[in-house]
Amino acid sequence: MITIDEPSAAASGAAATARFRTDKSPFQAVRDSPKDRVSELAREVLSAVHDTIRRHRVTYHEYNALKAWLIAVGADGEWPLFLDVWVEHAVEEVATDHRNGSKGTIEGPYYVPGSPECGAFATIPMRADERGVPLRWAGRITSVDGTPLQGSIELWHADADGRYSQFAPNLPEWNLRGTFTADPDGTFEITTIRPAPYQIPTDGSCGRLIAAAGWHAWRPAHLHVKVSAAGHQQLTTQLYFPDDPHNDDDIASAVKPELLLEPRTQSDGSQRVVYDFVLDPEKY
Ligand code: DHB
Ligand code: FE
3 MITIDEPSAA ASGAAATARF RTDKSPFQAV RDSPKDRVSE LAREVLSAVH
53 DTIRRHRVTY HEYNALKAWL IAVGADGEWP LFLDVWVEHA VEEVATDHRN
103 GSKGTIEGPY YVPGSPECGA FATIPMRADE RGVPLRWAGR ITSVDGTPLQ
153 GSIELWHADA DGRYSQFAPN LPEWNLRGTF TADPDGTFEI TTIRPAPYQI
203 PTDGSCGRLI AAAGWHAWRP AHLHVKVSAA GHQQLTTQLY FPDDPHNDDD
253 IASAVKPELL LEPRTQSDGS QRVVYDFVLD PEKY
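Residues 3 to 286, numbered by the working numbering, are exactly what the sequence shown covers, in order.
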């Protein structure tokens, strides 16, 4: 486990970079990329940069600001944050545009595989005094043809302070991270708390870009899930709450109308919601 002592962009950035490095597949992808493909993509990206420089008559002063900033992104370990906020949404769109089932969206930098198995009707691991509005979520997993699937849902989300376990200090290792395997009829019921809106770290290089451009750093409150079932394409998505002011201007451009929950508030102040998943088979 990666330990973090202080809440800072450098610490969460370093943890996100370390986590990415534990996964071997990206480095295999580097070795696998054919020369022609690399050449074509690299040329096009560079040429878009050159066009921008010419169109806006970019100065050496500005070029040096870019160089200094890019060096800082690496030094802060913020490449995973930068890419997942400003680039991943387009990759996700292309990767899933053939699907007929539930909508996906970006994974973001804070997924950790191997969260504790909780069962089909269960409470996610949380502290005894976990703050936040209790949320009970019932749903069902089916294939696009309606067949129930005994799939599993990996759920991870921020706490009531917008912090993710393993990326912010002083949180139990698997806090608000769990795996829920549905019953044979595809049903599940998960008890958790509502996460707070999340602000991407403002004290690192991504934060400096946001400040320099006069943008805001907010992602609306969201639940992250990965839904898997045998013979089906894994779904990576996020679910949002209808009353969040940042649903319309998410810094990570990852909100889709299909991903909005419709929670109902109960007399005890807790909320209930129903949200089902439909998975696409591996091959058509
Ligand atoms: C980032 C954080 C998230 O929680 C998320 O869902 C997407 C991106 C980020 O800080 O890059
Ligand atoms: Fe997130």
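From the three backbone atoms N, C-alpha and C, an ideal C-beta is built for every residue, glycine too.
task: Please report how far the alpha carbon of Ile-4 lies from the alpha carbon of Arg-23, in whole angstroms.
output: The predicted model places Ile-4 with a pLDDT of 48, which falls under 50 and marks its position as unreliable; any figure quoted below should be read in that light. Straight-line Cα distance between these residues: approximately 12 angstroms.
Whole-Å CB distance - Thr-144 paired with Leu-261, under 8 angstroms assumed: In this structure, Thr-144 and Leu-261 do not form a Cβ contact; the two beta carbons are roughly 18 angstroms apart against a cut-off of 8 angstroms.
In angstroms, rounded to a whole number, what distance separates the CA positions of Lys-69 and Ala-215?
16 angstroms
DSSP has His-224 in a bridge; who is on the other side? Tyr-242
Where do the N-terminal and C-terminal ends of the beta strand (DSSP E) with Ser-145 fall, by residue? 136–145
Check your understanding: Does the stretch 169–189 come within contact of the stretch 33–52, defined as at least 3 CB pairs closer than 8 angstroms?
Key -> Output reads no: the stretch 33–52 does not touch the stretch 169–189.
Going by CA-CA distance only, name the one from Val-276, Gly-206 and Glu-264 that's closest to Ala-12.
Gly-206
Nearest-angstrom Cβ-Cβ length linking His-226 and Asp-282, presumed shorter than 8 angstroms: Not really, about 19 angstroms apart at Cβ, beyond 8 angstroms.
- Task: Taking 9 angstroms as the cut-off, decide whether the C-beta atoms of Val-229 and Leu-237 are in contact.
- Result: yes
(request) With DSSP as the reference, label Glu-191 as helix, strand or coil. (result) Of the three classes helix, strand and coil, the one that applies to Glu-191 here is strand, per DSSP.
Exercise for the section: Just mark Val-280 as buried or exposed, buried being the case when its beta carbon has 16 or more other beta carbons within 10 Å. Expected result: Label assigned to Val-280: buried.
| What is the DSSP secondary structure of Val-2, reduced to helix, strand or coil? | Because the chain is modelled from 3 through 286, residue 2 falls outside the range shown and cannot be assessed.
### Query
When you compare each of Thr-61, Trp-81 and Asp-34 to Thr-19 by their alpha carbons, which one comes out closest?
Relative to Thr-19, the option among Thr-61, Trp-81 and Asp-34 whose CA is nearest is Trp-81.
* **Contacting residues, own chain, Cβ-Cβ under 6 angstroms from Val-275 (five flanking each side not counted)** => Trp-139, Leu-263 and Pro-265
Closer than 7 angstroms by C-beta to Glu-94: which residues in its own chain qualify, once you throw out the five before and the five after it? Chain order, please.
Leaving aside the five residues that flank Glu-94 on each side, the residues in its chain whose CB is nearer than 7 angstroms to its CB run, in chain order, Gly-106, Thr-107 and Ile-108.
message: Quick check on Ala-231: does DSSP put it in helix, strand or coil?
response: coil
What do you reckon, is the C-beta of His-159 under 8 angstroms from a heavy atom of the ligand COA?
You won't find the ligand COA in this model; what it holds is the ligand DHB and the ligand FE.
- Query: Would a C-beta distance cut-off of 9 angstroms place Gly-180 and Ala-124 closer than the cut-off?
  - Reply: It is a contact, given that the beta carbons lie within the stated cut-off.
### Inter-residue spacing [alpha-carbon to alpha-carbon] between Gly-121 and Ser-10
34 angstroms
Q | Cutoff 6 angstroms; reference Thr-194; Cβ partners in own chain excluding five residues on either side | A | Ile-126 and Leu-137
To the nearest angstrom, report how far apart Trp-71 and Pro-199 are at their CA atoms.
27 angstroms
Please determine whether the Cβ atom of Ala-256 lies at a distance below 8 angstroms from any heavy atom of the ligand DHB.
yes
_Beta-carbon spacing of Ser-254, Gly-110 below 9 angstroms_ = Looking at the sequence itself, residue 254 is Ala, so the reference to Ser does not match. Taking 9 angstroms as the Cβ cut-off, Ala-254 and Gly-110 qualify as a contacting pair.
Would you report the Cα separation of Ser-269 and His-248, rounded to the nearest angstrom?
27 angstroms
- Output the distance between the C-alpha atoms of Glu-132 and Leu-178, rounded to the nearest integer angstrom. 10 angstroms
Review point. Is Ile-202 near the ligand DHB, judged by its Cβ being under 8 angstroms from some heavy atom?
Key: yes
Please classify Thr-5: does DSSP put it in a helix, a strand, or coil? The predicted model places Thr-5 with a pLDDT of 45, which falls under 50 and marks its position as unreliable; any figure quoted below should be read in that light. Coil, per DSSP.
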